[in-house]
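Worksheet for the structure shown next.
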Amino acid sequence: MRRIFQNSSHKQMLSETLPTLSRRTMLLGGVGSIALLMQACSGLPASEGIHRHSDNLNSREERRAAARAISPQAGGTPESIIEGFLRAGVDSSDNYGIAREYLTTEFAQRWNPLEWTRVYFETARITRGENDIYKVSVTQSGLVDDRGLTSTSFSTDTPNSEPETFEMVQENGEWRIKNCPSGLWLDTSEFYRSFKAYRLYYYDPSYTYAVPDLRWFAHRDEIFKTLAQTLIAGPAKYLKESVFSATQESMKINEVNFNAEKHMIKIDFGGESIDELHLARLRQQIVHLVSNFRDVETVVFCYNGHEISSSDKPEGFHEISLVTQPNTKVVALNEDRLVTQRDFDAGDSQRTLVEKIKDPSAPTIGYDGTTYAYLSEGRKKLYTVRDTNSSKVWETRDLSRPSIDHYGWVWATDHSGTVRAFNPASDSVEEREKGLNISVPWRNGLVFNSLKISRDGTRGAFIASRDDTSMLIISGIIRDESGKPRSFTELVRVNASVSPHCVDWAGEQTLAVVNTTTGEAELTSLNSEETKLDRLEGLRSMSAAGDSGHIIGHVDTGECYLLEERGWKPISGPLSEITYAG
């Protein structure tokens, strides 16, 4: 398993992937081009009346021993004080109280540890200058801002790898730091020991699916307060126009109190008067936020002091589960026929949709099982299928494997980087037969080899290439009130240790990527973890049924393989390119 903040080999991968562009932000979004990945950063709203959490409010991940720093030793040199200060960033207790001991009394009051966390590898280099000024250099591999948004490269509005200035002075006979940049410096191992990824949840415009927005924060007692404030501040920039939130920026937190004995958390939000449907959705959003923690059995949510019960379900409200059941219905090719069946091994339920297709490939099925698509004649023609009626809708070259979102729109891209979406069920001839050209504001000459729409319909995953290099990108989708797609938002660069050529979603926050040249594949998560799969000779693509437990691989000979753990098991039978919904 590989993680996002890596050593020099990771840094080399980024520079090789973007040889002609300055290295910029990964998870902070941007417009115009890859070189314009800009920071999505704003302060958190203030709150009062927050009760201290019990130490027993633990995340759902395995609880790790709290990192503890060491106070400065008497008689320490300026270099040792700086080194101790950097190491003390692992200890967030008492608002980084130990780290503040390395600072002068006055500067300790002004220093803001939350503004930036610089993640680095190798040893920090400390160089002495004149007048008790020291330069600290680190080989930086990533950044985390005060909203928990991460980056693995740099832009003009974020800290960089240039030496930082530390001013030293003697206070009461001991060397202390008089001034330095705000924020923390953590090496990679210290970062993963003291920080973890948390999921904020927002919702697709139809209020059918929960959409995760991952943030990294240090372990501390009042972490739920931080998460709730960040939720109020809103989603990451790339999701801002793609998702719905029941929170409003004017809301405040009146109270957060965790009762360890009762495994109960009470949260009281304050704000303007809102209707019952809005309140029910707000409560559900808070319950989903609480799902980050394993010690909470009961959630009491109040708004302006009045409890909003889980039994309050006004008209228009429905529960949204964070556990999505896999959709195992498949579409496949049986020689020159497009067929569908209940599951990959349920041949008794097979039904033919289209016959006598010339050189068929890339079969695709919608989530409701009524819309299909496929390519023919060497990926030159895209056909959509509705009620067994097949229609040619796009003729070009180098078409990508189609993707069908939960609204029923069929998506594809071609050699020029054009992205189109078609709606076979629409009454509009334009939407049904000509399709809509979807704006990609950051394309800037990139060619798209693969495009898959997430199950929630709010994000697209691209494999983009230029000059024989490729990268994995996700971007938010802007739709109108009817669900009609209009444009992509800003891009987010996602790590992949293999050079990616094809992608599919394998869950709400996991992507399955394939290198079609080497047969390498991996599952890469938006929380920065990567799992390498066994190499499969001739692997061309993978299809997932909404999670990483149901994945089928397609090889260039037409055979299909089922992923078991990290290895591949052949699927016997006449079907090729067996594909799950999406």
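UniProt numbering puts the first residue of the sequence shown at 1, with every later residue one more than the last.
Yeah, the Cβ is synthetic: ideal placement off N, Cα and C, and Gly gets one too.
This one's a predicted model, so the numbers in the text were calculated from it and none came from an experiment.
Of all C-beta pairs linking the stretch 233 to 246 to the stretch 472 to 479, three or more are shorter than 8 Å, placing the two stretches in contact. Taking a cut-off of 8 Å for Cβ pairs, the stretch 225 to 241 and the stretch 206 to 217 touch, as three or more such pairs fall below it. Counting the other CB atoms within 10 Å of its CB gives Lys-329 a total of 16 or more, which places it among the buried residues. In the DSSP annotation of this structure, the continuous segment of the beta strand (DSSP E) that includes Gly-553 starts and ends at 551 to 555. For Ile-474, the uninterrupted beta strand (DSSP E) run begins and ends at 469 to 479, by DSSP. Annotation for Ile-286: the continuous alpha helix (DSSP H) segment containing it runs 276 to 290.
Apart from sequence neighbours up to five positions away, the residues of its chain that approach Ser-349 with a beta-carbon distance below 7 Å are Gln-341, Arg-342, ordered along the chain. Per DSSP, the beta-bridge partners of Asn-389 are Arg-386. Contact fails between the stretch 430 to 449 and the stretch 198 to 207, because fewer than three Cβ pairs, one in each stretch, are under 8 Å apart. Judged by DSSP secondary structure, Leu-227 falls within the alpha helix (DSSP H) whose first and last residues are 223 to 233. A check of alpha carbon separations from Ala-544 across Ile-223, Lys-252, Gln-325 identifies Gln-325 as the nearest. Between Val-138 and Ile-126, the gap from beta carbon to beta carbon reaches 7 Å or more.
Counting C-beta pairs closer than 8 Å gives three or more between the stretch 495 to 504 and the stretch 459 to 473, which meets the contact rule. Scanning Leu-536, Phe-224, Glu-174, Phe-217 for the CA closest to the CA of Ser-92 turns up Phe-217. In the DSSP assignment, the residues bridged to Gly-142 are Val-119. In this structure, Ala-425 lies away from Pro-402, with their beta-carbon atoms at least 7 Å apart. In the three-state DSSP reduction, Arg-193 falls in the helix class (H, G or I). As for any beta strand (DSSP E) of minimum length 3 sitting wholly inside the stretch 296 to 331, the runs are 298 to 303, ordered along the chain. Arg-566 sits in coil when the DSSP states are folded into three classes, being neither helix nor strand. Judged by DSSP in its simplified three-state form, Tyr-407 adopts coil rather than helix or strand. The beta carbon of Arg-397 sits closer than 6 Å to the beta carbons of Lys-380, His-415 from its chain, once the five residues preceding and following it are set aside; these are given in chain order.
Taking a C-beta distance under 7 Å as the contact criterion, Ala-67 and Ser-273 do not qualify as a contact pair.
Around the beta carbon of Ile-578, 16 or more other beta carbons sit within 10 angstroms, so the residue counts as buried. Here Phe-85 is not bridged, per DSSP, to any residue. Taking the Cβ atoms as the reference, Pro-181 lies roughly 5 Å from Glu-164, within the contact range of under 8 Å. Separation of Ala-246 and Ile-286 (C-alpha to C-alpha, rounded to the nearest whole angstrom) is 10 Å.
For Gln-341, the enclosing beta strand (DSSP E) starts and ends at 337 to 341. A straight line joining the alpha-carbon of Asp-427 with that of Glu-433 spans about 10 Å. Beta-carbon to beta-carbon, Leu-375 and Leu-399 are separated by about 5 Å, close enough to satisfy the 8 Å threshold. Assignment of Asn-95 by DSSP, reduced to helix, strand and coil, places it in the helix class. In this structure, DSSP gives Tyr-580 an extended state, which the three-state scheme calls strand.
Beyond the five residues adjoining it in sequence on each side, Asp-534 comes within less than 7 Å, by CB distance, of Arg-566, Gly-567, Trp-568 in the same chain, given in chain order.
Within the stretch 512 to 540, no alpha helix (DSSP H) run of at least 4 residues lies entirely inside it.
Out of Asn-172, Gln-229, Glu-101, the CA that lies nearest to the CA of Gly-148 is found in Gln-229. In summary, Ala-581 is buried, with 16 or more beta-carbon neighbours lying within 10 Å of its beta-carbon over all protein chains present. A direct Cα-to-Cα measurement between Ala-124 and Ser-525 gives close to 29 Å.
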